[in-house]
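Colleague: Everything in the sequence shown is counted per the numbering used here, starting at 241 for the first residue and increasing by one. All residues carry an ideal CB built from backbone N, CA and C; glycine is no exception. Please read all numbers here as calculations on a predicted model, not as lab measurements. Here it is: the structure, laid out below.
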Amino acid sequence: AEKRPEWQFVLVGPVVKIDPADLPQRDNIHYLGGKTYDELPRYLSGWDVAIMPFAMNESTRFISPTKTPEYLAGGCPVVSTPIKDVVRTYGDTEIVYIADGPDAFIASVDKALVDGQDRDRLLKTADEILGDMSWDHTWALMKEKMQCAM
């Protein structure tokens with residue numbers, strides 16, 4: 241936020257495991273708090289890039305953020321710190337950018353802003369990725385494995 245004062249950082253969601261007074265305060269950072277699921281698409285529709293700046297620590301080491309597919313389904317490119325499950329699942333997708341450190345995060349957001357302008361490619365790639373994550377696809381894989389085991 242300090243290095244990109246022209247950007248607006250809108251953070252939606254509860255603050256957990258940290259004192260809100262410890263959060264960075266700048267004119268271009270906006271903490272909106274928790275919102276209902278019904279409200280989220282309105283916020284997401286106004287974003288150019290969705291960011292997941294998770295701290296890298298024991299609490300985040302093995303999380304599997306459900307935000308990633310939600311952001312992709314909403315048509316937003318995603319920039320994330322290198323959370324293991326995000327890297328494994330989305331690291332080679334060209335619409336989820338993995339960044340380790342502040343300078344890499346800024347560079348990844350810059351790239352996502354440019355790449356995200358090709359909306360058709362973004363949505364097509366997101367549909368391909370998310371199609372493999374549907375419950376129907378998951379069930380088909382499970383059924384196949386069960387039939388092979390019988």
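Per the contact definition of three or more C-beta pairs closer than 8 Å, is the region 371 to 378 in contact with the region 312 to 327?
Modeller: No, the region 312 to 327 does not touch the region 371 to 378.
Colleague: Quick one: complete beta strand (DSSP E) runs, 3+ long, within the region 273 to 308?
Modeller: 290 to 292
Colleague: Given Leu-251, which residues of its chain have a CB within under 6 Å of its CB, disregarding the five upstream and five downstream residues?
Modeller: Tyr-271
Colleague: Within its chain, find whatever has a CB closer than 6 Å to the CB of Trp-287; leave out the 5 residues flanking it on each side and keep chain order.
Modeller: Cys-316
Colleague: Among Ile-291, Thr-300 and Tyr-311, which has the Cα closest to the Cα of Leu-280?
Modeller: Tyr-311
Colleague: Around the C-beta of Val-354, are 16 or more other C-beta atoms found within 10 angstroms, so that it is buried, or is it exposed?
Modeller: exposed
Colleague: Entirely within the region 321 to 363 and at least 3 residues each: give me those beta strand (DSSP E) ranges in chain order.
Modeller: 336 to 338
Colleague: Return the CA-CA distance between Met-296 and Asn-268, expressed in angstroms with no decimal places.
Modeller: Between Met-296 and Asn-268, the C-alpha separation is close to 24 Å.
Colleague: How about Thr-365 and Thr-333: do their beta carbons lie closer than 9 Å?
Modeller: Contact: yes.
Colleague: Output the distance between the C-alpha atoms of Met-292 and Val-336, rounded to the nearest integer angstrom.
Modeller: 10 Å
Colleague: Evaluate Val-326 with the Cβ neighbour count: other Cβ atoms within 10 Å of its Cβ, from every protein chain shown; 16 or more gives buried, anything less gives exposed.
Modeller: buried
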